Amino acid sequence: MPLEAPLPPVAERVAHLNHRYRHHSATAVVERALNDPTVGHTALVSSFGAESVVLLHMIARRDPDTPVLFIDTEMLFPETLAYQRDVSERLGLRNLRVIRAGAEAVRATDPEGTLHQRDPDACCALRKTAPLDAALSRFDAWITGRKRFQAGSRAALEFFEADGPSRIKVNPLAHWTPEDVQDYMINNRLPRHPLVARGYPSIGCAPCTSPVAPGEDPRAGRWRDAAKEECGIHFINGKAVRGPLPTGDAA
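Under this note's numbering, residues 10 to 260 are what the sequence shown spells out, in order.
Encoded structure:
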């Protein structure tokens with residue numbers, strides 16, 4: 010059997026993909042990400058949070074065997090774990106992979122489970138970034154649910170972006186508004202995360218997520234009162250990625 014030809018450099022593929030699909034819909038971008046050979050072997054990374062069901066539904070309709078990576082930090086709300094099981098069953102997702110930090114790493118770095126109180130960045134690195142990096146090492150690309158409206162660090166988000174020198178990040182909902190998200194969920198009768206009705210429009214780990222008051226930014230409850238708005242899995246060399254990276258430069 011002949012060997013597959015190597016893929017072109019990530020920066021080159023990202024520029025080409027953004028040009029080719031710049032006028033496409035979110036559903037079209039999902040379909041292309043799963044079938045375009047220039048994207049490569051792709052997984053969906055899902056937190057099963059407040060808006061995650063939109064992409065999970067799009068994936069399930071096109072290929073329920075698509076790998077879905079779910080990071081269980083072992084600090085999630087019980088409601089999130091129950092929601093993950095319910096949504097996976099309802100949508101018929103057949104390739105869910107639960108990702109966790111290694112027990113030895115947790116014992117060495119956070120034996121008492123209090124690292125989030127002292128250093129939330131280090132806690133995210135231990136429980137999210139490191140295990141996800143290991144899981145993604147088998148893939149050429151991954152799909153995320155990030156959107157421009159969610160944070161200032163995401164204001165220039167494109168459909169495709171470089172994730173280091175060897176992987177592509179796909180953001181099908183980059184241009185969606187909050188109304189687009191709600192309309193899709195209503196029109197497709199998708200189940201809502203139970204914490205949304207209790208004032209949690211953005212849901213992460215239980216110790217670091219609080220309810221949001223009317224009029225507050227939807228992500229105000231994430232790491233409240235801390236100079237932090239990203240968990241780190243969307244960082245390259247400690248910096249939020251806002252677009253294609255220059256060739257050979259991960260900063």
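Glycine included, each C-beta is placed from N, C-alpha and C at the ideal position. Note that the coordinates shown come from a computational prediction; the quantities given were computed from them, not determined experimentally.
Are A100 and H66 close, meaning C-beta to C-beta below 8 Å?
Reading the sequence as shown, one finds Leu at residue 100 and not Ala. Going by C-beta atoms, L100 is nearer than 8 Å to H66.
So for K156, helix, strand or coil by DSSP?
Coil at K156, not helix or strand.
Rounded separation between A91 and A59 - CA only
13 Å
Which residue wins for smallest C-alpha separation from S34, given the options L135, T47, P140 and A183?
A183
When the Cα atoms are used, what is the spatial distance from P187 to P227?
The C-alpha of P187 lies about 10 Å from the C-alpha of P227.
C-alpha distance - D189 paired with E113, whole-angstrom precision
Distance from the CA of D189 to the CA of E113, rounded to the nearest whole angstrom, comes to 42 Å.
Mind checking if L182 is an interface residue toward chain C, Cβ cutoff 8 Å exclusive?
In summary, chain C is missing from the structure at hand, where a single protein chain is found.
Could you pull the DSSP bridge partners for V179 from this structure?
I152 and F169
Would you call R180 buried or exposed, if buried means 16 or more other Cβ atoms sit within 10 Å of its Cβ?
In the sequence on display, residue 180 carries Asn and not Arg. N180 should be labelled buried.
Taking contact to mean at least 3 C-beta pairs separated by less than 8 Å, is the segment 48-58 in contact with the segment 78-98?
yes
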